[in-house]
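Asker: In our numbering, the protein residues as written are 4 to 283.
Where a beta carbon is used, it is the ideal one built from N, C-alpha and C, also for glycine.
Owing to the predicted nature of the structure, the values given are computational and were not obtained by experimental measurement.
A single structure is presented below for examination.
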C-alpha cells in the first residue's frame with residue numbers, strides 16, 4: 004500500500020514551487036501526484052498568512068513577504084517541523100471565530116451509509132432502485148467504500164466559516180454521488196448530525212424554505228456543469244456557490260432572492276427531460 008503521506012505536500016514545498024514557477028494553480032502545484040484538493044486549502048491558508056496572493060480565481064503567487072521567507076531573509080514560527088499557520092493568520096474574519104465544524108470523532112463512514120439506508124428503507128421516502136432490484140440497491144449502498152467517505156471527513160476544511168463548510172459538505176457528498184439515490188438527503192441529514200455533534204444550533208427553518216428548489220438546481224449543475232472529483236473536492240464552483248447562497252440565507256436570515264419565476268415543478272420536469280435526452 005502506498006505511503007499515505009506521499010499524497011500530501013508541505014507548506015514549504017508550496018512556497019518553493021511558487022518561488023521557482025511563479026503564478027500557479029493548485030493543479031499545477033500538485034503535479035498530478037499530490038492531492039489537489041488539499042493543496043487548494045493550503046494555498047488559501049498561506050494567503051491568509053500573507054505569504055501568497057491570489058492573482059485571479061484559483062491562481063496564486065508569492066507575496067513580498069513570501070518571497071522574503073523563500074529567500075531566507077525572514078524567519079517564521081514553526082510547529083512540528085511545519086510553518087505555524089494558525090499562529091500566522093494575519094486577518095481572521097469574525098465568522099472564522101464563530102461556530103465551526105471541527106469534530107468528526109462521533110461520526111464515521113458507516114454512520115453516513117446508515118443515513119442513506121434509512122432513506123431507502125423508509126416507505127415514506129422515494130428511493131430509485133438499481134435495475135428495479137432491492138437486492139442490488141442494498142448491495143450498492145453497503146459497497147460504498149468507507150475509505151472514500153473517511154477521506155471527505157479527514158480532509159474537510161475545518162477552518163472555514165460555517166456557511167462555507169456546509170456548502171462544501173453538501174457539494175462533496177451529493178456531488179461525488181456515493182449512493183444510488185438520496186445523495187442530497189444524505190448530505191443534509193449527516194450535516195444536521197455534524198452540527199449537533201459540534202454543539203451548533205440548527206436554524207429553526209432547517210433545511211430551508213427553498214430546499215426542494217435548491218436541490219433541483221444542484222442536480223442540474225451536477226449533471227450538466229460540474230464534475231466533482233476527489234482532486235477538486237473543495238473547489239468553489241457553481242455547485243458550491245449555489246449551496247453557499249442557501250446556507251448563508253439559512254444561518255444569517257438573509258433574503259434568498261430567486262432569479263426567475265419558473266415553478267419548482269417545471270424545473271423538475273425539465274431536469275427529467277434533460278436526463279432522458281442525455282441517455283439517448
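(1) Based on DSSP bridge pairs, tell me the residues matched to residue 133.
(2) Just to check my reading of the structure: residue 65 and residue 21 have Cβ atoms closer than 8 Å, yes? What is that Cβ distance to the nearest angstrom?
(3) DSSP three-state call for residue 62: helix, strand or coil?
(4) At which residues does the alpha helix (DSSP H) containing residue 119 begin and terminate?
(5) Three or more C-beta pairs closer than 8 Å, one from the segment 39-46 and one from the segment 15-29: is that the case here?
(6) Mind listing, in chain order, the continuous beta strand (DSSP E) runs of no fewer than 3 residues lying wholly within the segment 144-185?
(7) Going straight from the alpha carbon of residue 61 to that of residue 127, what length do you get?
(8) Taking the alpha-carbon positions, what's the residue 194 to residue 175 distance?
(9) Count Cβ pairs between the segment 223-234 and the segment 242-257 that sit closer than 8 Å; are there 3 or more?
(10) Determine the DSSP secondary structure at residue 34, reduced to helix, strand or coil.
(11) Assuming contact is defined by CB atoms lying nearer than 8 Å, are residue 237 and residue 180 in contact in what I supplied?
(12) Between residue 10 and residue 268, what straight-line distance do the alpha-carbon atoms span, to the nearest angstrom?
(13) Comparing C-alpha positions only, which one of 228, 57, 73, 59 sits nearest to residue 14?
(14) DSSP state of residue 56, grouped into three classes?
(15) Taking the alpha-carbon positions, what's the residue 162 to residue 103 distance?
(16) Is it buried or exposed, residue 217, if we count other Cβ atoms within 10 angstroms and call 16 or more buried?
(17) Compare the Cα-Cα distances from residue 87 to each of 55, 48, 123 and report the closest residue.
(18) For the structure I just gave you, are there three or more beta carbon pairs, one from the segment 149-159 and one from the segment 108-117, closer than 8 Å?
(19) Apart from the five residues on each side of it in sequence, which residues of its chain come closer than 8 Å, Cβ to Cβ, to residue 109?
(20) How would you label residue 57, buried or exposed, when you count the other beta carbons within 10 angstroms and need 16 or more for buried?
(21) How many angstroms separate the CA atom of residue 51 from the CA atom of residue 132?
Answerer: According to the structure shown:
(1) Beta-bridge pairing links residue 133 to 136.
(2) Contact between residue 65 and residue 21 holds, since their C-beta atoms are separated by about 5 Å, short of 8 Å.
(3) Correct three-state label for residue 62: strand.
(4) 112-124 is the span of the alpha helix (DSSP H), which, as asked, contains residue 119.
(5) A contact exists between the segment 39-46 and the segment 15-29.
(6) Unbroken beta strand (DSSP E) stretches of 3 residues or longer found wholly inside the segment 144-185: none.
(7) Using only the alpha carbons, I get a separation of about 43 Å.
(8) Linking residue 194 to residue 175 through their CA atoms gives a straight-line distance of about 11 Å.
(9) The segment 223-234 is in contact with the segment 242-257.
(10) Coil at residue 34, not helix or strand.
(11) Going by C-beta atoms, residue 237 is not nearer than 8 Å to residue 180.
(12) Straight-line Cα distance between these residues: approximately 44 Å.
(13) Of the candidates 228, 57, 73, 59, the one whose C-alpha sits nearest the C-alpha of residue 14 is 73.
(14) In the structure shown, residue 56 sits in a strand (DSSP, three-state: E or B).
(15) Rounded to whole angstroms, residue 162 to residue 103 spans 7 Å at the Cα level.
(16) For residue 217, the number of other beta carbons within 10 angstroms of its own is at least 16, and it is reported as buried.
(17) The alpha carbon of residue 87 has as its nearest neighbour, out of 55, 48, 123, the alpha carbon of 48.
(18) Under the three-pair Cβ rule at 8 Å, the segment 149-159 counts as touching the segment 108-117.
(19) Around residue 109: 200.
(20) Flag for residue 57 reads exposed.
(21) If you take the alpha carbons of residue 51 and residue 132, they lie about 46 Å apart.
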